[in-house]
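>
In this note's numbering, the protein residues as written are 32 to 586.
1. If you count every other CB in all the chains shown that lies within 10 Å of the CB of residue 77, and 16 or more means buried, which is it?
2. What do you get for residue 161, buried or exposed, if any count of 16 or more other CB atoms within 10 angstroms of its CB means buried?
3. Quick test of your reading: residue 367 and residue 317, contact by CB under 8 angstroms. State the CB separation rounded to the nearest angstrom.
4. Per DSSP, which one or two residues make a beta bridge with residue 467?
5. Of the choices 551, 203 and 387, whose alpha-carbon is the least far from that of residue 528?
6. State the CB to CB distance for the pair residue 491 and residue 469, rounded to an integer number of angstroms; the pair is presumed to be in contact (CB under 8 angstroms).
7. May I have the straight-line CA-CA distance separating residue 196 from residue 550, to the nearest angstrom?
8. Starting from the C-beta of residue 208, find all residues in its chain whose C-beta is less than 8 angstroms away, skip the five residues before and the five after it, and write them out in chain order.
9. Going by alpha carbons, who is nearest to residue 454 out of 413, 441 and 483?
10. In terms of DSSP beta bridges, what is residue 398 paired with?
11. Assign residue 206 to one of two classes, buried (16 or more other C-beta atoms within 10 Å of its C-beta) or exposed (fewer than that).
12. Where does residue 250 sit, in a helix, a strand or coil, going by DSSP?
13. Could you pull out every residue in the same chain whose Cβ sits closer than 7 angstroms to the Cβ of residue 159, ignoring the five residues on either side in sequence?
14. Would you list the residues sitting across from residue 582 in a DSSP beta bridge?
15. In or out: residue 353 buried (at least 16 other Cβ within 10 Å) or exposed?
16. With H, G and I counted as helix, E and B as strand and the rest as coil, what does DSSP make of residue 541?
17. Return the chain-ordered list of same chain residues with a C-beta closer than 7 angstroms to the C-beta of residue 270, the five sequence neighbours on each side being excluded.
18. Reducing DSSP to helix, strand and coil, say where residue 99 ends up.
19. Contact between the segment 546 to 561 and the segment 387 to 401: three or more CB pairs below 8 angstroms?
20. How many Å lie between residue 97 and residue 146 at the Cα?
21. First and last residue of the beta strand (DSSP E) that includes residue 381?
22. Evaluate residue 64 with the Cβ neighbour count: other Cβ atoms within 10 Å of its Cβ, from every protein chain shown; 16 or more gives buried, anything less gives exposed.
23. Taking the alpha carbon of residue 475 as the reference point, which residue from 273, 365, 544 and 298 has its own alpha carbon closest?
24. When DSSP labels each residue in this structure, what does residue 44 get in the three-state scheme?
In structure tokens:
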């Protein structure tokens, strides 16, 4: 067998579809498992192209257990006359090589696109779809050719840096765990490595984590941790620049999917706004009440019923199929509306707008005694002791995903720990919609040269408290250099959100200095977070009367 050449493995029929499987040689000789499924009738077809690192190594045959799954999942597309080309990323599934995330997807994707164009079934139209990493692979080459006629992309940022950080603070739970699950996963025992995860999450300095887990440094992991600024060389290398520019140069109509509680919600709205005006007029965005998995599975049926989310689920494949058919001039899209954002207002259902924003603002001031008031109260100080070795944890939220409950999750009691300050408003006199980015201005001080402040905004409905939004920031980064003991005001914005609050509901704000493991626990020392070997305890203070929350509202 020539290891550098494409080898056809199988040609067979299943459920009336024609299937071919091959090991497709890339320019460097690595061969990637590639499956083509063709409709039973016809010679040439529009092609839907998908790539993934998530398929298992199928046993006992080269198509094994996944063979039937593909036939079922792809049947609606096949029945509408599309051919499917599905590929395992390098080092995953049945492909050769070693998997290193983000390192080679553009090159492999371009080579496979060229191969598709040489196939007798290719009719000149290519459509791409994916979610999370399976969207990233397409973002790296969307600018490559005019025969990519449309795309449907979910829960993946064009700015990888922003997707990995919240105001410069690393989103640790999702990205630590994901890397450990997938790095060189065909040659390493990733199940055994999971036993090291808990200790690895707390290890300092972070630059030693790869050696602890793998026995040697992994430069792409270590440099990712160390690169805490978007301008750093790591974020300007590999496929990242092509991904970052993907929406700005997009010519084909694209359907963007996301959820209010996805880790990438902020950057997905950036992608929508970055589309050229002509492209955006032909494109659409759908935002539901979902988490990164695009569902409500983290919630019980009782919780879904309490918040009236029963109509928040959707059949994503049907929506994508109708989107591609719409691009081809075969009917109207489902749920999506060209040129607009179709979004789910929690508590009120589906809405449509060109821009998700408010027409007014409601300011609530943090006040002594744990109140949120419409007017600033007396200027008082509330302090707490923050220990990085004993960080606070808040369940759910948009950035929790991997080892923790994710998404729209009920919260615990207010002031749940000594290092958590809770503030609650009076019952709302009238119903109001919170829609857009929430602005938080904290006047704070610390006895350390740097520290972090975490803010969570929640809706209190009856006896339940539900997370709406949160954010985190560091003093040194936001002030350009902090002097211990000085009072400074920092203003930050959350990702956008859409909630309908009823008369009698209340707003709750929790302030702390950590939410671990969702975010990296700040060491209270100044410098590159990944290189800090020691931590210290901080005495942090919030100045009431000079700190506030500004809610974007509609009446």
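Backbone N, C-alpha and C define an ideal beta-carbon position, used for all residues, glycine too.
So, from the listed chains and residues:
1. buried
2. Burial call: buried.
3. 6 angstroms
4. 528
5. It is 387 whose Cα lies nearest to the Cα of residue 528.
6. No, residue 491 and residue 469 are not in contact; Cβ-Cβ is about 16 angstroms, not under 8 angstroms.
7. 9 angstroms
8. 228, 433 and 434
9. 413
10. Looking at the DSSP output, residue 398 sits in a beta bridge with 402.
11. buried
12. Reduced to three states, the DSSP call for residue 250 is helix.
13. 80, 169, 179 and 182
14. 393
15. buried
16. Of the three classes helix, strand and coil, the one that applies to residue 541 here is strand, per DSSP.
17. Around residue 270: 133, 136, 137 and 171.
18. Unreliable positioning characterises residue 99 in this predicted model, as indicated by a pLDDT of 44, which lies under 50. A coordinate reading is not provided.
19. no
20. Because the pLDDT at residue 97 is just 45, under 50, the model does not fix this residue reliably, and the value given afterwards should be weighed accordingly. Residue 97 and residue 146: Cα-Cα distance of roughly 23 angstroms.
21. 380 to 384
22. buried
23. 544
24. strand
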